[in-house]
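Encoded as structure tokens, the structure appears first; notes follow it.
Protein chains in written order, with my numbering: chain A, 362 to 737; chain B, 7 to 220; chain C, 2 to 544.
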């Protein structure tokens, strides 16, 4: 039944168990829509035949004798309330599914996704990166953290029934758990300019051992060299055994993050990054916020919007300073410190090979815009 | 002295002068509602950004001279008083008084614009330009630029409304001096004055947003 | 019979009265007219030209999509074309068409007035429309603009094309919309004939009134958002630019705050037309007058609270998604009330099947289908799959074309005798209406399936497995175009050769049929007193 309806409605294969669940709602909604419109139109046409005008020119007086013909209000009320119940039912089921689709399990494999005109880049926790092909292990929850370097894009995998906008300067996320190894197309769904329609990619689902092997053969994430600091070679030379978190340490050192933040739990000018990820952060205004990817990104872009209680609002914005891939690397670094344990002898500081003189952060003022190029 | 009393002309689609005046007033109020929503979009933007950049907005607002904003508020309120007085004078047939009051309104409107431009010039000297050209050493933080972009856009749009209102009142002044309006024909004057009040009211909302909420 | 009821006058009875078409025939008497009926005809010409242009752009888009890769144009041209199609159709046809043409012509007559309250403003609205259309078209054709009709930032503010002038043009078109809406509200309030209480107004007036409220309240917000985008594009204002502290999603909020109600600006007038057509050809009062009248106001109100359902995948919070989702369900209920009432009106009527009624059946099927798919896409988990795919394209074309355009065609046929004093060929009308419906069905039904299969909208090239559905859709579009051309053809013939229509050829009871066809300059030779209701079919007609 499922397979028949899926094919009749031209739906792509169901790559995840949630996709199957969503499709059941899909069937009931689409079938009621078809039935509803057909019944309404058929009833109207049947009335048109049943109550057609008998005399060809004008209606005879007798045919329209009743003065103010009334609809039975009971019937109308029942129809409307029934319909409302149907709609609200869809909403309830749909919203519950939506919450599931938007809430990744905590142990999900996190992959950073950077969109730009007109390409998708995927950065794995190992530091490896791939363009236009996303490798994921089968039967494992995968969380994608998306951002964009220029305009709004939208990451869409029809087979998983998921879609999420990648918004410049913000971080959004989506997750899925592919059931079977296979290849599924990815489209950009938000119009983004000339080559919007060719901004496609693939999700390649591999058995988990193949996945690990495949990652080893991928090149490391190419973090563009910031002007003058020569970070490119630094990052690229450490490809062997480098993780995205290690790349993040390089980025943190290069941009002077470590002058205020520590990686080992020691308080400093700014909050430490150790055990920060997914913790509840108390804010200046008395509220608190979960330190997820979205909050961490926001804190780099708009540091004074949600200031942690007990810290001065002195951090400048890194909007326009950090490249989207660098943000991804930093977020991954902070994520990797989630379960950090005190180990005094091996406190990681600036990674070996980082410049001995930590450069000053560049002017926090945003750059003058140059058309067609969003990142410095 | 005017030769003949100006009398309102009944347009053919109306049944009576009262109906015609009622329609004109009603139309004007609808137009004002539309104008309020035009600014409403900007107020909504301001609110959204203020929630995001509360601290930056406060310190940026401190950069604006409160006395200038307050002076401008007083100037506009006074001008509104003159305008209301002018409308009353036309209705009671005192054309000279109406003309003087309208002159007063126009002069105060001019003063308002002058003060506004002085303020802009002062901002420019401090590198406070709208949008991408914002260069202020003192107000480096993110959000201040947004504040001033909104400041320029909203006060600029309001300034255009001031110019529009002044033009309408200037035409009224001219027509009154030619004897075209009087007790029997005053709707146009009334409505122009009503528009001027709207311009005033919008400023009364802009004033706290950009000067007082520090 | 009441003695005060007015006898419909005829030319024979009083040859001194000329109809509005012959009241001065110089070009000047048309271009500077303040007669709402002449302004209506000028709008008819202007909006029809817009429809023709938008239709040509649509056909070009469909031809390009015949093959998965390049067919007749490159990606840059394609992106500009679908932008042109969207902007011309939405802002220059769908939003203004029914209010400025049929609203203008009928609203004053239906309330027994000689004209609208502000005839000069009405004429100004036409010229502002023409100016806005000229700016928009010049900018888009000379400069090219490729941001889509939704103007999403930051693409729109950085796109290397003529975004600023197009934004300005649409802003000017919005001014025209506000002018017309304001005029209609004041007219409805102040110029109703004596005895004509609100509950005796034809349902057409109620819907146009509700539309006008949305026009006056929502259009300024859109105008301001587009002005901000235009200024941003021209001078780098950066108000929505994340690099300068802006939030691109705020633009979407502002845009949809207008543009979702704008959907009802497009649909409410269609419902206005349908209510009249159903009652006349069922020869029966509406099953529930109040249900239809008040649900228009309900739509106008709740329509302002649902904009967020356009942004479920933008990263909006779960709470907002839930709230906007459930509110969207409620707005559908008001439309459902109308549909149930229309169908119930047919029951036990004395139904005469004519071209306008065929369009009503088309409308009913397409609108219910389009409306329920609207509820479907507002169901949040399903929207994750459908958002920005061809499913959404098909959904809103079912509402805009299947709803508004078929209602526009129904109106054109229903009031053609009143506007021009002649009858069209019923046989050709039947053929054309069935052609239009068939063409429409085959254009957009495949697009639902394309959306299900996962084809995103605004795609210049697409994977080959989507091809045959695209070919089917293009074939349907050609049939639709043929039906439209056929309609233009026989209506043009009817304009000159058609049989003379009497004052009330459809045997309606509504007030516009109390006057001659075409009406005289001031609509009625004598002010009618309107003692009867507009749907008093139980009383014999006035002859």
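C-beta: ideal position from N, C-alpha, C; glycine also. Predicted model, so just to flag it, every value in this text is computed and none were measured.
Beta strand (DSSP E) segment containing residue i, residue limits
i                      : result
residue 461 of chain C : Element bounds for residue 461 of chain C: n/a, residue is neither H nor E.
residue 245 of chain C : It is not in any beta strand (DSSP E) - residue 245 of chain C carries neither H nor E in the DSSP assignment.
residue 651 of chain A : 649-651
residue 481 of chain A : 480-484
residue 160 of chain C : Note, residue 160 of chain C: premise wrong, no beta strand (DSSP E); not H, not E.
residue 491 of chain A : 490-492
residue 96 of chain C  : Where residue 96 of chain C is concerned, there is no enclosing beta strand (DSSP E), given that its DSSP letter is neither H nor E.
residue 543 of chain A : 543-549
Segment limits, alpha helix (DSSP H) that includes residue i
i                      : result
residue 280 of chain C : 249-283
residue 634 of chain A : Here residue 634 of chain A belongs to no alpha helix (DSSP H), and DSSP marks it neither H nor E.
residue 607 of chain A : 605-615
residue 391 of chain A : 378-411
residue 107 of chain B : 101-131
residue 536 of chain A : Unbroken run through residue 536 of chain A is the beta strand (DSSP E), 533-537; no alpha helix (DSSP H).
residue 203 of chain B : 193-213
residue 310 of chain C : Segment: none, residue 310 of chain C is in no alpha helix (DSSP H) and carries neither H nor E.
7 Å CB neighbourhood of residue i in its chain, flanking five on each side removed
i                      : result
residue 90 of chain C  : 55
residue 428 of chain A : With a pLDDT of 47 at residue 428 of chain A, under the threshold of 50, the predicted position of this residue should be treated as unreliable, though the coordinate-derived value follows. If we look at residue 428 of chain A and ignore the five residues flanking it on each side, it has no Cβ neighbours.
residue 294 of chain C : 204 and 207
residue 390 of chain A : 451
residue 204 of chain B : 38 and 41
residue 154 of chain C : 230, 241, 249 and 252
Cut-off 6 Å between Cβ atoms - residues of its own chain near residue i, not counting five sequence neighbours on either side
i                      : result
residue 312 of chain C : 253
residue 380 of chain A : 521 and 522
residue 370 of chain C : 399
residue 289 of chain C : 342
residue 597 of chain A : Note on residue 597 of chain A: pLDDT 36, under 50, position unreliable in the model; no value is reported.
residue 543 of chain A : 566
Pair within 8 Å by beta-carbon distance, residue i and residue j
i                      : j                      : result
residue 535 of chain A : residue 341 of chain C : no
residue 66 of chain B  : residue 140 of chain B : no
residue 380 of chain C : residue 634 of chain A : no
residue 431 of chain C : residue 356 of chain C : yes
residue 409 of chain C : residue 88 of chain C  : no
residue 415 of chain C : residue 499 of chain C : no
residue 94 of chain C  : residue 40 of chain C  : no
Neighbour list for residue i in chain B, Cβ cutoff strictly below 8 Å
i                      : result
residue 680 of chain A : 148
residue 240 of chain C : 51, 137, 152, 155, 156 and 159
Proximal chain C residues relative to residue i, where beta-carbon distance stays under 7 Å
i                      : result
residue 404 of chain A : 344
Cβ neighbours of residue i in the same chain (closer than 8 Å, five flanking residues each side left out)
i                      : result
residue 533 of chain A : 506, 507, 508, 525, 526, 527 and 655
residue 500 of chain A : 538, 539, 540 and 569
residue 542 of chain C : 505, 508 and 510
Per-residue contacts from residue i into chain B (C-beta, under 9 Å)
i                      : result
residue 665 of chain A : 59, 60, 61, 62, 147, 148 and 149
residue 116 of chain C : 17, 18 and 19
Residues that residue i contacts on chain B, provided the C-beta gap is smaller than 7 Å
i                      : result
residue 119 of chain C : 33
residue 674 of chain A : 61
residue 225 of chain C : 44, 47 and 48
Closer than 7 Å: residue i CB and nearest the ligand ATP heavy atom
i                      : result
residue 149 of chain B : The ligand ATP is absent from the structure shown, which contains no ligands of any kind.
Partners in chain A for residue i, counting only beta-carbon separations shorter than 8 Å
i                      : result
residue 338 of chain C : 437 and 441
- Check whether the segment 34-49 of chain B touches the segment 168-185 of chain C, counting contact only when three or more Cβ pairs, one atom from each stretch, lie closer than 8 Å. yes
- Do three or more CB pairs link the segment 403-411 of chain C to the segment 359-371 of chain C at distances below 8 Å? yes
- Message: Assess contact between the segment 478-494 of chain C and the segment 567-584 of chain A, defined as three or more Cβ pairs (one per stretch) separated by less than 8 Å. Is contact present?
- Response: no
- Query: Taking three-plus beta-carbon pairs below 8 Å as touching, is the segment 372-386 of chain C in contact with the segment 432-442 of chain C?
  - Reply: no
- Is the segment 657-670 of chain A touching the segment 451-467 of chain A, taking contact as three or more C-beta pairs under 8 Å? no
- Task: Count the CB pairs spanning the segment 212-224 of chain C and the segment 70-83 of chain B that are closer than 8 Å, and state whether there are at least three.
- Result: no
- Message: Assess contact between the segment 664-684 of chain A and the segment 49-67 of chain B, defined as three or more Cβ pairs (one per stretch) separated by less than 8 Å. Is contact present?
- Response: yes
- the segment 210-218 of chain C contacting the segment 258-271 of chain C, beta-carbon criterion three pairs below 8 Å: yes
- Message: Is it the case that the segment 606-619 of chain A contacts the segment 673-687 of chain A, given that we only count it when at least three CB pairs across the two stretches are under 8 Å?
- Response: yes
- Query: Should the segment 229-238 of chain C be called in touch with the segment 268-284 of chain C, which here means at least 3 C-beta pairs below 8 Å?
  - Reply: no
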